[in-house]
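What follows is a single structure, written as structure tokens, with notes after it.
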Amino acid sequence: MKEKNPLDLLPPSSFVLDNWKRFYSNNSEVDSIKYFWDNVDLEGYSLWLASYMDNHLLKQTFMTCNLINGLFQRSERARKYAFGSFVIFGEDNDSELFAIYLVRGQEIPFELSDAPDFESYVLKKLEINDETKALVNAFLTWDDSIEGCSFASITNKKFNEGKIFK
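Each number in my numbering corresponds to the 1-based position in the sequence shown with 146 added.
Dropping the structure here:
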């Protein structure tokens, strides 16, 4: 008999990750933000900021996108338990990579941390406050003009490109 994943043994959550992913994919960003904050269960899920440690190695934006795609492929087992928005800031030869993750539970699941390149990220669990909400909203819309948000809290570079892990 196959052993159950420890994340499947957590107390039930009112937040259904698949419903969130579907809503985010099929609705406006404004509606998605409202849906997210109206429904997210931050006892059953946690939010994390991931900062890429080797930004000095990022050269061309398309190569950084390939790096993200590779991480997505190697994190396939985590799709059931995580949602992420990855953002490249800056331009070719002067960029930074960050992500916001929503994960099941209060720790980074093994299904994510087991990906070989995941160790290239510094992770910080986010406390929920107005600044965090604005940052999450900006990562969901890829728009640093969201009220209350300035990407300057993590970088002084402008948004370039984003990718969603869902």
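All C-beta atoms in this analysis are idealised placements derived from N, C-alpha and C, irrespective of residue type, glycine included.
Is there contact here, the region 161-180 with the region 220-235, by at least three beta-carbon pairs under 8 Å? yes
When the Cβ atoms of the region 231-245 are set against those of the region 175-189, are three or more pairs found closer than 8 Å? no
Collapsed DSSP secondary structure at K303 in the structure displayed: As a working note, residue 303 is residue 157 in the sequence shown. Here K303 sits in coil by DSSP.
What's the call for V282, buried or exposed, on a 16-neighbour Cβ count within 10 Å? Counting from one through the sequence shown, the residue named residue 282 turns up at place 136. Answer is buried; the Cβ neighbour count reaches 16.
How would you label E257, buried or exposed, when you count the other beta carbons within 10 angstroms and need 16 or more for buried? The count along the sequence shown starts at 1 and reaches residue 257 at position 111. Burial call: buried.
Inter-residue Cα distance where the pair is E273 and L193: By one-based count along the sequence shown, residue 273 stands at place 127. By one-based count along the sequence shown, residue 193 stands at place 47. Each residue's Cα considered, the two are about 8 Å apart.
At the level of alpha carbons, what is the spacing between P157 and D240? For the purposes of this step, residue 157 is taken as residue 11 along the sequence shown, with counting starting at 1. For the purposes of this step, residue 240 is taken as residue 94 along the sequence shown, with counting starting at 1. The straight-line gap from Cα to Cα measures roughly 44 Å.
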